[in-house]
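J.: Each position in the sequence shown, counted from 1, maps to that position plus 18 in my numbering.
Handing you this structure, nothing more for now.
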Amino acid sequence: MNGTKQYEAVVFDLDGVICFTDVYHYRGWKSIADELGIPFDETVNNRLRGVSRMESLGIVLEPYEGEPLSDDRKMELAAIKNERYRVMLGELSPKDLDPSVRTTLDDLRARGLKLAIGSSSKNAKYILERIGLGDYFDAISDGTNISRSKPDPEVFLKAAEYLGIDPAKCVVVEDAVAGIDAAHAAGMYGVAMGDAADQGVGDAKLGTFADLANVLTDLGC
Ligand code: B16
Ligand code: MG
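Here it is as structure tokens:
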């Protein structure tokens, strides 16, 4: 051993890991589906985890059998959903950040680890601001700086680049199977929680966010 640590940074997915806005995504997409007269339920909503807005629309529209929708109309539908979603995000406050998430993040920072966000969302910075973490992370890579969605590794590779840390020295925490695949494609260690943990993917699994402290201790952090 040359004394350097194997892992120097943790990159967190946002929705489903740091906070939970999936119910707002659900309500936003459901309103669009209702207006188009197509079915939409929790099973479809689960398929939208970690997936970009336009790809999400493609999934929502799978059962649509009406007049073909132009690209402009699809852009308009995605924009309407986002407007409604942003109104709901306005209801978020620091109370929506679980205290154990904040305590765990502070613990990791005290160990000298760099902390970043790797989210598919174009609303990531707004969400972080609403929950009181606007200035917290050392780097934010999100839907505004990528051209390819998870499972492509771009969002995590950008996070590592912004941190100035070798991707192989990064641990990712994710709730989406596509996110764990993206972490592996980036050469990173993938910790699964929520749906990803239920699906049995990932190099380690969290029951609660606070379990991350022990997982990282086991990794020598
Ligand atoms: P937006 P994450 C993802 O966030 C959500 O899981 C996914 O459901 C959503 O479609 C995507 O962000 C894009 O979000 O419409 O806000 O740009 O889990 O990668 O933090
Ligand atoms: Mg997620």
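All C-beta atoms in this analysis are idealised placements derived from N, C-alpha and C, irrespective of residue type, glycine included.
Quick caveat, the model's predicted, so the values are computed rather than measured.
First and last residue of the alpha helix (DSSP H) that includes residue 174?
T.: By 1-based counting over the sequence shown, the position of residue 174 is 156. Residue 174 -> alpha helix (DSSP H) spans 172-181.
J.: Rank 140, 151, 209, 105 by C-alpha distance to the C-alpha of residue 166 and give the top, closest one.
T.: As a working mapping, residue 166 is identified with position 148 in the sequence shown. The residue with the shortest Cα to Cα distance from residue 166 is 140.
J.: Contact between the stretch 78-97 and the stretch 114-133 is defined here as three or more beta-carbon pairs at a separation below 8 Å; is this criterion met?
T.: no
J.: Starting from residue 143, trace the alpha helix (DSSP H) both ways and give me its first and last residue.
T.: Taking the sequence shown and counting its residues from 1, the one referred to as residue 143 is at position 125. 142-148 is the span of the alpha helix (DSSP H), which, as asked, contains residue 143.
J.: Here's the rule: buried if 16 or more other CB atoms are within 10 angstroms of the residue's CB, otherwise exposed. What is residue 64?
T.: Within the sequence shown, the letter at position 46 stands for residue 64. Exposed.
J.: If you drop the 5 nearest sequence neighbours on each side, which residues of the same chain put their C-beta closer than 7 Å to that of residue 231?
T.: The count along the sequence shown starts at 1 and reaches residue 231 at position 213. The residues 122, 125, in chain order, have a CB closer than 7 Å to that of residue 231 in the same chain once the five nearest residues on each side in sequence are set aside.
J.: Short of 8 Å in beta carbon distance, which residues of its chain neighbour residue 102, apart from the five on each side in sequence? Order them along the chain.
T.: Within the sequence shown, residue 102 is the residue found at index 84, counting from 1. Excluding positions up to five away in sequence, the list reads 45, 46, 49.
J.: Check this for me: beta carbons of residue 116 and residue 149, under 7 Å apart or not?
T.: Start at 1 with the first residue of the sequence shown, and residue 116 comes out as number 98. Start at 1 with the first residue of the sequence shown, and residue 149 comes out as number 131. Going by C-beta atoms, residue 116 is not nearer than 7 Å to residue 149.
J.: From what residue to what residue does the beta strand (DSSP E) around residue 208 run?
T.: For the purposes of this step, residue 208 is identified with residue 190 of the sequence shown, where counting begins at 1. Residues 207-210.
J.: Alpha carbon to alpha carbon, what distance is there between residue 181 and residue 57?
T.: Position 39 of the sequence shown, counted from the first residue, corresponds to residue 57. Position 163 of the sequence shown, counted from the first residue, corresponds to residue 181. Near 42 Å, if we compare the C-alpha coordinates of residue 181 and residue 57.
J.: Please state whether the Cβ-Cβ distance between residue 270 and residue 220 is less than 7 Å.
T.: Any property of residue 270 remains undetermined from this structure, which presents the chain solely from 19 to 239.
J.: Looking only at C-alpha atoms, which of 224, 92, 108 sits nearest to residue 191?
T.: Position 173 of the sequence shown, counted from the start, is the residue given in the question as residue 191. Checked all of 224, 92, 108; the closest Cα to residue 191 is 224.
J.: Using CA coordinates, which residue listed in 168, 153, 229 is at the minimum distance from residue 136?
T.: Looking up residue 136 in the sequence shown gives position 118. Checking every option, the nearest Cα to that of residue 136 belongs to 168.
J.: Can you tell me where the beta strand (DSSP E) holding residue 27 begins and where it ends?
T.: What you label residue 27 is simply residue 9 of the sequence shown in a count that begins at 1. Residue 27 -> beta strand (DSSP E) spans 27-30.
J.: For residue 197, count the other beta carbons within 10 Å of its own beta carbon; 16 or more makes it buried, fewer makes it exposed. Which is it?
T.: The residue labelled residue 197 in the question sits at position 179 within the sequence shown. With 16 or more other Cβ atoms inside 10 Å of its own Cβ, residue 197 counts as buried.
J.: Since residue 212 and residue 193 should fall inside the 8 Å C-beta cutoff, what is the C-beta to C-beta distance between them, to a whole number of angstroms?
T.: Reading the sequence shown from its first residue, position 194 is the one you call residue 212. Reading the sequence shown from its first residue, position 175 is the one you call residue 193. The Cβ separation is near 4 Å, so the contact holds.
J.: Taking its Cβ as the centre, do 16 or more other Cβ atoms sit within 10 Å of residue 55, making it buried, or is it exposed?
T.: Counting from 1 along the sequence shown, the entry for residue 55 is found at position 37. By the 10 Å Cβ count, residue 55 comes out exposed.
J.: Taking C-alpha atoms, which residue in 146, 176, 34 lies nearest to residue 111?
T.: Numbered from 1 along the sequence shown, position 93 holds the residue referred to as residue 111. Looking at the Cα atoms, 146 is the closest of the given residues.
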